[in-house]
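Visitor: Mind having a look at this structure? Questions to follow.
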Ligand SMILES: Nc1ncnc2c1ncn2[C@@H]1O[C@H](COP(=O)(O)OP(=O)(O)OP(=O)(O)O)[C@@H](O)[C@H]1O
Ligand SMILES: [Mg+2]
């Protein structure tokens, strides 16, 4: 990466105002704080503590040197590589008075993307109801058993808005349980007590140096990571939204869920969605998701996933759930190759294709599906509630 | 222990004298970590000197390097301390013979057990060692992104007060804090709370001129013209969108390998023989081989 820092001893930003003891002068502090705010306004998460660090960092350096102001701010105000470009831009505007030329161009696009995102991804409430509340909720929804029976098998595409809303609430109440894997960590096999080394020692002493029978340990099990790779283009958006909602109801495993969206491009939205205030989460995701129009490039996007994330271990040991109709504008060879590698980099691959419908003998017609099929562990439809329940049932068994 | 550096330029000189060429950003980040007593998180590409800077800092300032290598499933006891079970058992055997001999001559089981869980039987792991060493150490927490998030939470706690409690012995607090360097290859995003605790620096690839300097520092026997040519070729490889783009370590390896084969020149022929030193992934290798003439051309 090229260094975009202003060079060595640039124009002096603060002369005499900056002189003095261990703390920068009042004027300088005001300037530093104002800069921090500007950065925050540009979307970088700058905390108050970070601002304090910035001021403290400038003190042992030379506040009259633009390079020092730059680096002190960069190490204390930024904590993600993605924010470095924004930092550079805001720094130049603020300290070097450069006009912000691309802001105007970017805003409408972000707005556009945000609307699309809002339509495609409805972030569920922070606290999905527990199973004990489900019955109550069904009553609240006025769903008697027979309605539920009907809704279970009704394709989402045929549902009215009200029915969809009711379904969405039901989906949020289902808990996904990813399969569990062994870890290197051990837990005592007899439940209840943590191992007590002093007790063991005492027992051994009483047995005249004969150690008590070994305490049984077993490898700890922890849930596998769940990676959702969701096609959000065109007709797929609605299905992907359901799946996402579904995944988020596994609140306790939230940090073990990774979410990617794709259309023409792949983008990771885990961080954007893993946020308290849903609106802000959407705004953040919108900034990442830029081009949702144009044909779907399943192969290219999965290839990206493999290169950028899979190779670095993100899907290692994980269950990858891909939701797509497999209609690929790109080269089928790319898709085949990407699937083959993804298979090696993950524990299992589930493909949800709503156009598969309810017919178990369905032969996937899309060329994309044909080349992907050999690498898929489980093909489901996800076009109705019943098939989502099928996923919930199948998932824990993929151990 | 040597004193702290007077300023960033001084630090840069000290590091260079020990063979590490830090650019201004990295040098400032380290200088601030020392001045503000804050851990430094280094994220970056593979093989760009993240681990090496911690090692060099230990040498330069005459501190002890304490390294905690993270991996999936690492837990607190592997990082903090463990009881030396084998030695405890030997001691118990010895004690129980004595207890049997002593009969009623005032044998005290409590005292015996206390002795078993004293400092003598404690095996120090890196974090305990670092707390004990304080500012006489550089603590390198390497590849923290490989550990799982529970471990991260545990680290965060430790890094906030450099204090840890061993139930059988008590609380141990560092008299001063070690210089802490954390590294990550970004296989996953670290928690914000941990990042907040640290100063942050992204280590990118060095510029071409700087990389040539690094090669010449590490392999002083190499002809500067060859070093320049290899660095240019590596930079073209980095543009290729490889799964594993070569780091500085690979540049150095390549130069070294060419030396071993007594190839004084980087051309298509010698590149083909030595490409494995710099491109290590099978798919990448295919891609690079197909573009070889373009990669070694110019310089
Ligand atoms: N600035 C530098 N000055 C001197 N040597 C360097 C520099 N940067 C990298 N090197 C060389 O590159 C080698 C690899 O660096 P190092 O192992 O520290 O990389 P890393 O960033 O920790 O990589 P990884 O991500 O694989 O752990 C070092 O052994 C050293 O020889
Ligand atoms: Mg390293």
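Chains as they are written, first to last, in the working numbering: chain A, 716 to 1114; chain B, 97 to 395. Where is the CB? At the ideal position from N, CA and C, for every residue including glycine.
Report yes or no: do three or more beta-carbon pairs, one from the stretch 230–241 of chain B and one from the stretch 262–281 of chain B, lie closer than 8 Å?
Guide: Touching, per the Cβ criterion.
Visitor: By DSSP, does residue 1102 of chain A sit in helix, in strand, or in coil?
Guide: Reduced to three states, the DSSP call for residue 1102 of chain A is helix.
Visitor: Against chain B, does residue 1011 of chain A count as a neighbour if the rule is that its beta carbon must be under 7 Å from one of theirs?
Guide: Not closer than 7 Å to any Cβ of chain B, the Cβ of residue 1011 of chain A fails to qualify, so no.
Visitor: So which residues of chain B does residue 799 of chain A contact, with C-beta pairs closer than 9 Å?
Guide: Chain B residues near residue 799 of chain A: 298.
Visitor: So, helix, strand or coil for residue 943 of chain A, using DSSP?
Guide: Reduced to three states, the DSSP call for residue 943 of chain A is strand.
Visitor: Taking the alpha carbon of residue 762 of chain A as the reference point, which residue from B:215, B:122, B:288, B:161 has its own alpha carbon closest?
Guide: Considering only alpha carbons, the answer is B:288.
Visitor: At least one CB of chain B closer than 7 Å to the CB of residue 779 of chain A: is that the case?
Guide: Not one chain B Cβ lies under 7 Å of residue 779 of chain A.
Visitor: For chain B, is any of its Cβ atoms less than 7 Å away from the one on residue 1033 of chain A?
Guide: So no, residue 1033 of chain A is outside the interface.
Visitor: Quick one: give me the first and last residue of the alpha helix (DSSP H) that residue 1038 of chain A is part of.
Guide: Unbroken run through residue 1038 of chain A is the beta strand (DSSP E), 1034–1038; no alpha helix (DSSP H).
Visitor: For residue 269 of chain B, count neighbouring C-beta atoms within 10 Å of its own C-beta (all shown protein chains included) and say buried if the count is 16 or more, exposed if not.
Guide: Per the 10 Å Cβ criterion, exposed.
Visitor: Nearest by alpha-carbon distance to residue 745 of chain A: which of A:766, A:791, A:759 is it?
Guide: It is A:766.
Visitor: Does any C-beta atom of chain B lie closer than 7 Å to the C-beta of residue 894 of chain A?
Guide: With 7 Å as the cut-off, residue 894 of chain A does not count as an interface residue toward chain B.
Visitor: According to DSSP, simplified to helix, strand and coil, what is residue 307 of chain B?
Guide: If DSSP states are grouped into helix, strand and coil, residue 307 of chain B belongs with the helices.
Visitor: Based on Cα-Cα distance, which residue from A:1049, A:1045, A:1109 lies nearest to residue 1066 of chain A?
Guide: Closest by alpha carbon: A:1109.
Visitor: Which of helix, strand or coil does DSSP assign to residue 975 of chain A?
Guide: If DSSP states are grouped into helix, strand and coil, residue 975 of chain A belongs with the strands.
Visitor: With a cut-off of 7 Å, does the C-beta of residue 132 of chain B fall near any C-beta of chain A?
Guide: By this cut-off, residue 132 of chain B is an interface position.
Visitor: Sort B:352, B:326, B:161, B:139 by Cα distance to residue 393 of chain B and report the nearest one.
Guide: The shortest C-alpha separation from residue 393 of chain B is found at B:326.
Visitor: Hey, how far is the Cα of residue 360 of chain B from the Cα of residue 370 of chain B?
Guide: Taking the straight line from one Cα to the other gives about 13 Å.
Visitor: Under the DSSP definition of a beta bridge, which residues are partnered with residue 163 of chain B?
Guide: Answer by DSSP bridge pairing, in chain order: B:236.
Visitor: Under 6 Å: does the beta carbon of residue 146 of chain B sit that close to some heavy atom of ligand 1?
Guide: Checking every heavy atom of ligand 1 against the Cβ of residue 146 of chain B, one is found closer than 6 Å.
Visitor: Residue 758 of chain A versus chain B: which residues are under 8 Å apart at the beta carbon?
Guide: By Cβ distance, chain B contributes nothing, its closest Cβ being about 15 Å from residue 758 of chain A, past 8 Å.
Visitor: In angstroms, rounded to a whole number, what distance separates the CA positions of residue 777 of chain A and residue 784 of chain A?
Guide: Distance between the alpha carbons of residue 777 of chain A and residue 784 of chain A is about 8 Å.
Visitor: Is residue 293 of chain B buried or exposed, if buried means 16 or more other CB atoms sit within 10 Å of its CB?
Guide: Result: buried.
Visitor: Is it the case that the Cβ atoms of residue 377 of chain B and residue 339 of chain B are separated by a distance below 7 Å?
Guide: Taking 7 Å as the Cβ cut-off, residue 377 of chain B and residue 339 of chain B qualify as a contacting pair.
Visitor: Below 7 Å CB to CB, which residues in the same chain sit around residue 160 of chain B once its five sequence neighbours on both sides are set aside?
Guide: Hits under 7 Å: 154, 229, 232, 233.
Visitor: What residue range does the alpha helix (DSSP H) around residue 791 of chain A cover?
Guide: Start and end: 781–792.
Visitor: With respect to the beta strand (DSSP E) encompassing residue 951 of chain A, which residues constitute its N-terminal and C-terminal limits?
Guide: Looking at the DSSP string, residue 951 of chain A is not in any beta strand (DSSP E), and its letter there is neither H nor E.
Visitor: Would residue 1069 of chain A pass as an interface residue toward chain B - the criterion being a Cβ-Cβ separation below 7 Å?
Guide: No, residue 1069 of chain A does not count as interfacial toward chain B.
Visitor: Can you give the Cα-Cα distance for residue 335 of chain B and residue 955 of chain A, rounded to whole angstroms?
Guide: One C-alpha to the other measures close to 34 Å.
Visitor: Closer than 8 Å, Cβ to any Cβ of chain A: which residues of the stretch 106–125 of chain B, in chain order?
Guide: Result list: 119, 120, 121, 124, 125.
Visitor: In this structure, what does DSSP give as the bridge partners for residue 139 of chain B?
Guide: In DSSP, residue 139 of chain B forms a bridge with B:280, B:298.
Visitor: Tell me, please, whether the CB atom of residue 1063 of chain A is closer than 7 Å to any CB atom in chain B?
Guide: No - not a single Cβ of chain B is within 7 Å of the one on residue 1063 of chain A.
Visitor: My output table needs one value for residue 981 of chain A: the three-state DSSP class, helix, strand or coil.
Guide: Residue 981 of chain A falls in the strand class under three-state DSSP.
Visitor: Go ahead and pull the three-state DSSP assignment for residue 827 of chain A.
Guide: Below a pLDDT of 50, predicted positions are generally treated as unreliable, and residue 827 of chain A, at 37, falls in that range; the measurement from the model is reported next regardless. If DSSP states are grouped into helix, strand and coil, residue 827 of chain A belongs with the helices.
Visitor: Assign residue 346 of chain B to buried or exposed, taking buried as 16 or more other Cβ atoms, counted over all protein chains shown, within 10 Å of its Cβ.
Guide: So residue 346 of chain B ends up on the buried side.
Visitor: Between which residues of its own chain and residue 390 of chain B is the CB-CB distance below 8 Å, once the five residues before and five after are set aside?
Guide: Within the same chain, residue 390 of chain B has close Cβ partners 332.
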